[in-house]
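This report refers to the structure that appears directly beneath it.
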Amino acid sequence: MGRKYFCDYCEKRIQNDSSIIRKHNEGLPHIRAKAEHFEQFKDLEQILAESKQKPPCRSLKDNSECMFGIICRFRHYTTEQIWEMQQRVNDFKLIQQKKSNRLHRNLRNINSRTEQFLLKRCARQRYDTEKLPPSLQAIDETELQKFEPPTWG
Ligand SMILES: [Zn+2]
Ligand SMILES: [Zn+2]
Numbered sequence: 038m039g040r041k042y043f044c045d046y047c048e049k050r051i052q053n054d055s056s057i058i059r060k061h062n063e064g065l066p067h068i069r070a071k072a073e074h075f076e077q078f079k080d081l082e083q084i085l086a087e088s089k090q091k092p093p094c095r096s097l098k099d100n101s102e103c104m105f106g107i108i109c110r111f112r113h114y115t116t117e118q119i120w121e122m123q124q125r126v127n128d129f130k131l132i133q134q135k136k137s138n139r140l141h142r143n144l145r146n147i148n149s150r151t152e153q154f155l156l157k158r159c160a161r162q163r164y165d166t167e168k169l170p171p172s173l174q175a176i177d178e179t180e181l182q183k184f185e186p187p188t189w190g
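Pasting the structure below:
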């Protein structure tokens, strides 16, 4: 007996014979397993878009198991599941939007803050810093490096 062929998608050993392998690869269980494998890498938005285009599968009505599984040309998600997916996609988009808005705002703030900070610092240096209280003394370079802009919520 020769070495067996191992199908990664089906996690199954089959006889190492080209016609048997071809037959296996064309079989429904293999195509299904392969599609299920790639489904993992799709994002929710893509799954949602695809599902929306499909009419519901009869298996949903009968509550039976559809032999085509993921490769069925009809949809297996219920209206509730579609709705839930839509909510999650919307939430995700909203969060992303908020994040990027906040980032842009912070970058703008940081720029103007830095400018103000440097202007004030230059102004202070005109005085004799020795005579000023510590809070008004010019900040030295090490202080400057430690400076961290506060975060804006
Ligand atoms: Zn297979
Ligand atoms: Zn189906």
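The numbering of the sequence shown is my numbering, which starts it at 38 and goes up by one.
Note that the Cβ used here is the ideal one computed from N, Cα and C, for glycine as well.
None of the values given here were measured: they were computed from a predicted structure.
If you measure from the CB of residue 46, is any heavy atom of ligand 1 nearer than 7 Å? yes
Assuming residue 92 and residue 105 form a contact by the criterion Cβ under 8 Å, report the distance between their Cβ atoms to the nearest whole angstrom. Incorrect: roughly 14 Å between the Cβ atoms, too far for contact.
Grab me the residues of residue 56's own chain with a C-beta within less than 6 Å of its C-beta, minus the 5 sequence neighbours each way, in chain order. The beta carbon of residue 56 is closer than 6 Å to none in its chain, skipping five residues each way along the sequence.
Taking the C-alpha atoms as reference points, what is the distance between residue 69 and residue 145? 51 Å
Residue 72 beta carbon near ligand 1 (any heavy atom closer than 7 Å): no
Candidates 76, 78, 46, 79: which alpha carbon is nearest residue 63's? 46
Could you compute how far the alpha carbon of residue 121 sits from the alpha carbon of residue 83? Using only the alpha carbons, I get a separation of about 14 Å.
Report the start-end ranges of each alpha helix (DSSP H) in the stretch 83–122 that is 4 residues or longer and not cut off at the edges. 95–99
Going by DSSP, name the residue or residues bridged to residue 50. 43
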